[in-house]
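There are 2 protein chains.
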Amino acid sequence: MEQVKRAPLADQAAELILERIRTGEWELGQKLPGETTLAPQLGVGRSTVREAIRQLAGRGVLASRQGAGVFVTALDAPEEWDAVLRRADLVSVIEARIAIEAEAAALAAERRTPSDLRAIRRALDDRAANRADVEAHVDADTRFHRSIVAAAHNPILAELFDGFTPRMRQAMVDMLRLRGEFGDDADHGAHERLAERIAERDGDGAARESRSHLGAMKAALA
Amino acid sequence: MEQVKRAPLADQAAELILERIRTGEWELGQKLPGETTLAPQLGVGRSTVREAIRQLAGRGVLASRQGAGVFVTALDAPEEWDAVLRRADLVSVIEARIAIEAEAAALAAERRTPSDLRAIRRALDDRAANRADVEAHVDADTRFHRSIVAAAHNPILAELFDGFTPRMRQAMVDMLRLRGEFGDDADHGAHERLAERIAERDGDGAARESRSHLGAMKAALA
DNA sequence: TACCACGACTCCTCAGACAAGTAGAGAGGC
DNA sequence: GCCTCTCTACTTGTCTGAGGAGTCGTGGTA
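Protein chains in written order, with UniProt numbering: chain A, 1 to 222; chain B, 1 to 222.
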């Protein structure tokens with residue numbers, strides 16, 4: 001699955017600069033070489049270097065002062081969780097989501113309160129009612145899955161799920177638009193069974209349902 | 001005395017764009033107008049708009065795809081992940097770790113390379129050799145589990161595991177000091193079995209071993 | 001010594017041109 | 001009718017050249 005390294009030059013340049021900061025070539029507070037000397041060094045144009053610098057400035061690593069130069073303001077921002085998600089390919093994200101959600105389903109089966117169960121069933125009905133519009137359906141689907149994660153009463157799992165949501169949303173919309181087959185009875189049946197297992201307090205069954213449903217999605221998106 | 005023009009145009013443009021995102025003019029996942037139409041709107045040149053976009057891209061708010069457009073990827077900086085971890089109670093962290101690690105074990109069984117397997121076995125031996133000192137044992141144990149997650153070849157899962165590590169370490173040290181029973185043969189046998197399942201490419205078995213081992217730890221810590 | 005004008009250097013901004021990639025419309029084949 | 005393929009319009013990516021604006025060290029002057 002050899003991904004071709006098709007990253008914009010500006011991104012590559014930013015990475016190179018960051019690398020040289022990490023190795024200590026330019027220390028904290030120090031001035032970088034001027035754009036006009038840095039550009040040929042990296043083998044790119046001046047504007048490309050500028051965009052790379054802007055990018056790092058947005059992350060708080062660099063700061064530029066007109067007339068003075070560009071300075072290092074931080075050795076490296078702690079790898080932002082958000083950036084990791086964006087860079088990772090979709091399959092990795094789905095695998096992580098499967099891990100989180102299957103565990104959450106099992107915990108939800110143990111811990112769900114009557115109020116949780118009502119919320120899950122309400123979300124399920126809402127999901128069934130939104131079959132027409134693709135985006136509305138994806139959002140309703142997300143709310144259903146979210147209600148299950150919420151029933152697990154584990155803030156870490158909930159936070160992780162919310163972190164995945166934005167990255168997943170667009171991918172799901174694209175996929176459903178492409179296939180045209182969404183909201184069918186088989187799909188909805190799987191969700192009904194998942195809700196059933198949780199209602200029955202069948203943790204293993206809930207995890208199994210969740211895993212198989214998301215596994216199918218992984219296959220469709222890969 | 002005029003402290004007005006102090007900020008570069010690109011910074012001002014970035015601020016304006018962020019403003020319009022916050023007000024909901026461009027929703028999450030949506031495409032921004034093209035650079036060529038955005039530039040006159042903001043009253044700046046195209047290069048300046050590009051630098052503003054780069055800046056926001058560095059902060060994770062925007063992402064641009066050549067040929068397609070610029071898209072909103074986040075409404076603003078998300079909540080600090082570390083803070084969530086610190087605030088959450090230990091049981092929640094372990095549950096999340098179980099989710100991550102069981103999935104990683106199953107994937108590792110599928111994807112492990114011979115080199116991965118060597119690393120896992122080396123970590124296992126190292127773990128066996130460090131039974132005397134509590135802290136050394138915990139660290140060696142962590143390295144073993146980390147080698148399995150690495151063999152799953154999923155950057156998201158790896159990043160999550162690393163995120164849990166610091167929070168787990170102290171808790172495990174405390175627990176082992178209290179109980180005094182660590183590094184015994186039964187415990188080590190469980191780890192050997194886990195490595196075996198991965199070597200045999202038995203994904204379900206590996207997930208089961210991982211889950212039961214970590215489940216025991218959860219019971220001990222709770 | 002204290003002050004200041006100057007110049008070299010730096011980043012900032014713009015404009016134009018072309019390359020590279022994407023996505024949708026439309027033609028063609030089944 | 002449906003599928004596929006091609007072609008076109010549009011978008012971002014990159015480079016170059018030009019001039020504007022701010023900073024800082026230097027050297028001359030009082």
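Glycine included, each C-beta is placed from N, C-alpha and C at the ideal position. On a predicted model such as this, the values are computed, not experimentally measured, just so you know.
DSSP state of G58 of chain B mapped onto helix, strand, coil: Within the second sequence, numbered from 1, the residue matching residue 58 of chain B stands at position 58. If DSSP states are grouped into helix, strand and coil, G58 of chain B belongs with the helices.
The segment 91-98 of chain B touching the segment 137-156 of chain A, judged by at least three CB pairs closer than 8 Å: They touch, by the three-pair rule.
Cβ of W26 of chain A within 7 Å of any chain B Cβ: Within the first sequence, the letter at position 26 stands for residue 26 of chain A. No, its Cβ sits nowhere closer than 7 Å to a Cβ of chain B.
Cut-off 6 Å between Cβ atoms - residues of its own chain near L160 of chain A, not counting five sequence neighbours on either side: What you label residue 160 of chain A is simply residue 160 of the first sequence in a count that begins at 1. Excluding positions up to five away in sequence, the list reads I100.
Closest Cα partner of residue 303 of chain B within the set B:D126, B:S115, B:A158 and B:E110: Nothing in the structure corresponds to residue 303 of chain B, since chain B is present only between 1 and 222.
Entirely enclosed alpha helix (DSSP H) segments - the segment 130-165 of chain B, minimum 4 residues: Unbroken alpha helix (DSSP H) runs of no fewer than 4 residues, entirely contained in the segment 130-165 of chain B, are found at 134-151, following chain order.
Cβ separation of A10 of chain A and Q55 of chain A, assumed to be a contact under 8 Å, to the nearest whole Å: Here the question's residue 10 of chain A lines up with position 10 in the first sequence. Here the question's residue 55 of chain A lines up with position 55 in the first sequence. Confirmed, about 7 Å.
Host beta strand (DSSP E) of V72 of chain A (start-end): Within the first sequence, numbered from 1, the residue matching residue 72 of chain A stands at position 72. Note, V72 of chain A: beta strand (DSSP E), G69 to V72.
Any C-beta of chain B under 7 Å from that of A157 of chain A: The residue given as residue 157 of chain A occupies position 157 in the first sequence. Looking at the sequence shown, residue 157 of chain A is not Ala but Leu. Closer than 7 Å to the CB of L157 of chain A there is at least one CB belonging to chain B.
Bridge partners - A63 of chain A, DSSP secondary structure assignment: Taking the first residue of the first sequence as position 1, residue 63 of chain A is located at position 63. Residue pairing by DSSP puts A63 of chain A in a beta bridge opposite A:F71.
8 Å Cβ cut-off: residues of chain B touching V84 of chain A: Mapped onto the first sequence, residue 84 of chain A falls at position 84. Under the 8 Å cutoff, chain B gives P155, I156 and E159.
Cβ contact (3+ pairs, closer than 8 Å) linking the segment 19-32 of chain B and the segment 65-73 of chain B: With the rule of 3 Cβ pairs closer than 8 Å, the segment 19-32 of chain B counts as touching the segment 65-73 of chain B.
Chain A contact residues for P8 of chain B, given Cβ-Cβ distances below 9 Å: On the second sequence, residue 8 of chain B is found 8 positions in, with the first residue counted as 1. Residues of chain A whose Cβ lies closer than 9 Å to the Cβ of P8 of chain B are, in chain order, S64 and Q66.
Host alpha helix (DSSP H) of D11 of chain B (start-end): Position 11 of the second sequence, counted from the first residue, corresponds to residue 11 of chain B. D11 of chain B: member of the alpha helix (DSSP H) spanning L9 to R22, first to last residue.
Reduced DSSP category for V4 of chain B - H, G, I as helix; E, B as strand; rest coil: If you number the second sequence from 1, residue 4 of chain B lands on position 4. Since pLDDT at V4 of chain B reaches only 47, below the 50 mark, its modelled position is unreliable, and no value is offered.
Inter-residue CB distance, T37 of chain A and R46 of chain A (contact presumed, cutoff 8 Å): As a position in the first sequence, residue 37 of chain A is number 37, starting the count at 1. As a position in the first sequence, residue 46 of chain A is number 46, starting the count at 1. In this structure T37 of chain A does not touch R46 of chain A by the C-beta definition: roughly 10 Å separates them, more than the 8 Å allowed.
Proximal residues to L42 of chain B (C-beta, below 7 Å), its chain only, five neighbours per side dropped: Your numbering for residue 42 of chain B matches position 42 in the second sequence. The residues are A13, L16 and V49.
Under 7 Å by beta carbon: chain A residues contacting I148 of chain B: Taking the first residue of the second sequence as position 1, residue 148 of chain B is located at position 148. Contacts between I148 of chain B and chain A, judged by CB atoms closer than 7 Å, are missing: the closest CB pair is about 14 Å apart.
Distance between E135 of chain A and E200 of chain B (C-alpha atoms, nearest Å): For this step, residue 200 of chain B is matched to residue 200 along the second sequence. For this step, residue 135 of chain A is matched to residue 135 along the first sequence. C-alpha separation (whole angstroms): 43 Å.
R202 of chain A versus A106 of chain A - alpha carbon distance: Locating residue 202 of chain A in the first sequence gives position 202, where the first residue counts as 1. Locating residue 106 of chain A in the first sequence gives position 106, where the first residue counts as 1. It should be noted that the sequence gives Asp, not Arg, for residue 202 of chain A. Using only the alpha carbons, I get a separation of about 7 Å.
Per DSSP, cross-strand counterpart(s) of residue 230 of chain B: Because chain B here runs from 1 to 222, residue 230 of chain B falls outside it and cannot be looked at.
Close beta carbons around M1 of chain B, own chain, < 8 Å, minus the five adjacent residues each side: The count along the second sequence starts at 1 and reaches residue 1 of chain B at position 1. Low per-residue confidence applies at M1 of chain B: pLDDT is 38, beneath 50, and the placement is therefore not dependable, though the value from the model is reported in the following sentence. Excluding its 5 nearest sequence neighbours in each direction, M1 of chain B has no C-beta neighbour in its own chain below 8 Å.
Where the alpha helix (DSSP H) through R97 of chain A begins and ends: As a position in the first sequence, residue 97 of chain A is number 97, starting the count at 1. That run of the alpha helix (DSSP H) goes L90 to R111.
Of the listed residues B:L18, B:I156, B:G34 and B:A219, nearest to A104 of chain B (C-alpha basis): Counted from its first residue, the second sequence places residue 104 of chain B at position 104. Relative to A104 of chain B, the option among B:L18, B:I156, B:G34 and B:A219 whose CA is nearest is B:I156.
CA-to-CA distance, A216 of chain B to A128 of chain A, given in whole angstroms: Numbered from its first residue, the first sequence carries residue 128 of chain A at position 128. Numbered from its first residue, the second sequence carries residue 216 of chain B at position 216. When only Cα atoms are considered, A128 of chain A and A216 of chain B end up about 40 Å apart.
CB contact below 7 Å: S115 of chain B versus chain A: Here residue 115 of chain B refers to the residue found at position 115 of the second sequence. With 7 Å as the cut-off, S115 of chain B does not count as an interface residue toward chain A.
Span of the alpha helix (DSSP H), counted from its first residue to its last, around R201 of chain B: The residue given as residue 201 of chain B occupies position 201 in the second sequence. Here R201 of chain B belongs to no alpha helix (DSSP H), and DSSP marks it neither H nor E.
Short CB-CB distance (under 7 Å) between V93 of chain A and chain B: Numbered from its first residue, the first sequence carries residue 93 of chain A at position 93. By this cut-off, V93 of chain A is an interface position.
Proximal residues of chain B, C-beta to C-beta of P166 of chain A below 8 Å: Counted from its first residue, the first sequence places residue 166 of chain A at position 166. Residues of chain B passing the Cβ test: L28, G29, T73 and A74.
Residues of the segment 28-62 of chain A with Cβ closer than 7 Å to any Cβ of chain B, in chain order: Listed in sequence order: S47, R50, E51, R54, Q55, L56, A57, G58 and R59.
Residue of A:R86, A:L18, A:G205 and A:A108 minimising C-alpha distance to F164 of chain A: Locating residue 164 of chain A in the first sequence gives position 164, counting from the first residue. Looking at the Cα atoms, A:R86 is the closest of the given residues.
Chain-ordered chain B contacts of R169 of chain A [CB-CB under 7 Å]: The sequence position of residue 169 of chain A within the first sequence is 169, counting from 1. In chain order: G29.
C-beta neighbour in chain B for E2 of chain A, strict 7 Å: For the purposes of this step, residue 2 of chain A is taken as the residue at position 2 of the first sequence. Reliability fails at E2 of chain A, whose pLDDT of 34 lies under 50, so the model's placement of it is uncertain and the value that follows must be treated cautiously. Not an interface residue.
Cβ-Cβ distance between L214 of chain B and M175 of chain B below 7 Å: Position 214 of the second sequence, counted from the start, is the residue given in the question as residue 214 of chain B. Position 175 of the second sequence, counted from the start, is the residue given in the question as residue 175 of chain B. Contact flag unset, no.
Supposed contact pair A140 of chain A and D126 of chain A - C-beta distance, whole angstroms, cut 8 Å: For the purposes of this step, residue 126 of chain A is taken as residue 126 along the first sequence, with counting starting at 1. For the purposes of this step, residue 140 of chain A is taken as residue 140 along the first sequence, with counting starting at 1. About 5 Å; that satisfies the 8 Å criterion.
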